[in-house]
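Student: I have a structure I would like to understand better, so I am pasting it below and will then ask my questions one at a time.
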Amino acid sequence: FGVYTIQNSKSTQTRRLLHGTTLHGAQSLDPAKSRMPLTYYAPESGVGLAMRTAPSLFGANARIGVVGLGTGSLSCYATPSENWTIFEIDPLMVELATDPAVFSFISQCKPDVRIVLGDARLKLAEEPASRFDILAVDAFSSDAIPLHLLTKEAFETYRRTLSPNGVLLVHVSN
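Using the numbering used here, the first residue of the sequence shown is number 22, and each one after it goes up by one.
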């Protein structure tokens, strides 16, 4: 899937994961701040707000789906009783995000997260109807969202897997 670069920045005290020119996440090297999602999904972002309100919207056992693992930072919005599933196509990304010596979001925040390896569109099609209360789609290939995740058929799959009042979040920055 390409070349990944892990950079430690002394000036910002962060570790960053890049794939080409795409930033896939950053983590504070300060242990007191290591659980804080940075970059795209900081607490004030739309995804941050949605994830933080999941318990009040859907109850303590909210069911969260995420397409695209990155560094695993979104898992730090999880509460202990929430059911989280993350879909990731790249085995190396899973290895990096689940190795606490590289990125510790998952090990610190949601070590019981279910990670489904494979193409998210195909894997989501295998999920039961109304499986998720929130589905966040944040997959990138280089600097672009894979087109097959933006088709009418993909959105039909997202809709089918969402609960009747579910929330779909799609990263469309490019």
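Even for Gly, the Cβ is constructed at its ideal location relative to N, Cα and C.
1. How is A47 classed by DSSP in three states: helix, strand or coil?
2. Would you mind reading off the limits of the alpha helix (DSSP H) that contains F108?
3. Taking only runs of the beta strand (DSSP E) that begin and end inside the region 86-158, which ones reach a length of at least 3 residues, in chain order?
4. Within 10 Å of its beta-carbon, does Q48 have 16 or more other beta-carbons around it, so buried, or fewer, so exposed?
5. Based on Cα-Cα distance, which residue from K173, S30, I155 lies nearest to S184?
6. I believe R56 touches F124 by the beta-carbon criterion, under 8 Å. Please report the beta-carbon distance rounded to the nearest angstrom.
7. Does the Cβ-Cβ distance between V137 and T106 come in under 8 Å?
Tutor: Based on what the coordinates show:
1. Reduced to three states, the DSSP call for A47 is strand.
2. Per DSSP, F108 belongs to no alpha helix (DSSP H); it is in the beta strand (DSSP E), 104-109.
3. Listed in chain order, they are 104-109, 135-138, 153-158.
4. Counting Cβ neighbours within 10 Å, Q48 comes out buried, since at least 16 surround it.
5. Comparing Cα positions, the closest option is I155.
6. About 12 Å separates the two Cβ atoms, so there is no contact after all.
7. Going by C-beta atoms, V137 is nearer than 8 Å to T106.
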